[in-house]
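Single-structure report; data block below.
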Amino acid sequence: ASFLHLLIKNLFFRQKSILLCRKSDQVSNKQKTDAWKKIEHDFNSRFPDNPRKATSLKLLYDNLKRKTRQTVAETNRSLYVKHLKTVAKKDKREINKTGGGSYKPQLTDAEGRVLAMLGDSVKPLENPYDSAADYFSKYCYTGVSP
């Protein structure tokens with residue numbers, strides 16, 4: 001199955017400039033349909049005993065894309081939770097350093113739990129001109145591409 005997934009990704013990669021185009025006019029849609037037919041032809045020429053239609057290959061690719069996005073989202077969530085634990089430890093150390101005075105933690109327990117549930121939906125869009133871009137590039141996982 002992983003060989004099949006790799007093959008689909010490679011066949012898709014050859015047509016990606018057409019298939020990832022955001023236009024949806026008649027000409028673009030025709031080009032996309034033709035690209036999927038080309039992928040179907042290439043796939044079926046490699047596996048004549050097990051032919052697949054373009055619709056099933058597109059569905060397989062869409063499922064791979066969805067799985068990749070889920071993996072990235074889960075990784076981001078894990079990294080946020082790890083970061084929250086680090087912040088909580090730092091807060092605890094700061095509380096003990098105050099010598100009995102009051103210290104306001106960066107996040108309350110409730111806020112930490114909500115942030116862990118929200119995961120990467122609270123991550124801002126990438127912007128290299130943003131002063132916080134370095135922070136998000138350190139703590140948010142973006143290494144997997146669909």
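Under the UniProt record's numbering, think of the first position of the sequence shown as 1, with each following residue one higher.
Beta carbons are placed, not taken as given, at the ideal position from N, Cα and C, and that holds for glycine.
Q) What number of angstroms, rounded off, separates the C-alpha of L64 from the C-alpha of K92? A) Rounded to whole angstroms, L64 to K92 spans 42 Å at the Cα level.
Q | Opening and closing residue of the alpha helix (DSSP H) in which F13 lies | A | Taken as a continuous stretch (DSSP letters only), the alpha helix (DSSP H) holding F13 covers S2 to R14.
Q | Three-way DSSP call (helix, strand, coil) for E126 in this model | A | Coil, per DSSP.
Q) Excluding five sequence neighbours on each side, which residues of the same chain lie with their C-beta closer than 7 Å to the C-beta of K58? A) Excluding the 5 residues flanking it on each side, K58 has same chain C-beta neighbours closer than 7 Å at W36, in chain order.
Q. Is R52 helix, strand or coil by DSSP?
A. Coil at R52, not helix or strand.
Q) In terms of residues, what are the limits of the alpha helix (DSSP H) holding D42? A) Residues Q26 to R46.
Q: Kindly list the residues whose CB is nearer than 8 Å to the CB of L19, restricted to its own chain and excluding five residues on each side of it in sequence; keep chain order.
A: When the five nearest sequence neighbours on each side are left out, the beta carbons in the same chain lying within less than 8 Å of the beta carbon of L19 are those of F12, K32, A35 and W36, in order along the chain.
Q. Should F43 go down as buried or exposed, given a rule of 16 or more other Cβ atoms within 10 Å for buried?
A. Counting the other Cβ atoms within 10 Å of the Cβ of F43 gives 16 or more, which makes it buried.
Q) Apart from the five residues on each side of it in sequence, which residues of its chain come closer than 7 Å, Cβ to Cβ, to L60? A) Excluding positions up to five away in sequence, the list reads I8.
**Q.** Length of the line joining the Cα atoms of K90 and K97
**A.** Cα to Cα, the separation comes out at about 11 Å.
Q: Report buried or exposed for L76, applying the criterion of at least 16 other Cβ atoms within 10 angstroms of its Cβ.
A: The sequence as given places Asn at residue 76; Leu does not occur at that position. Buried, because 16 or more other Cβ atoms sit within 10 Å of the Cβ of N76.
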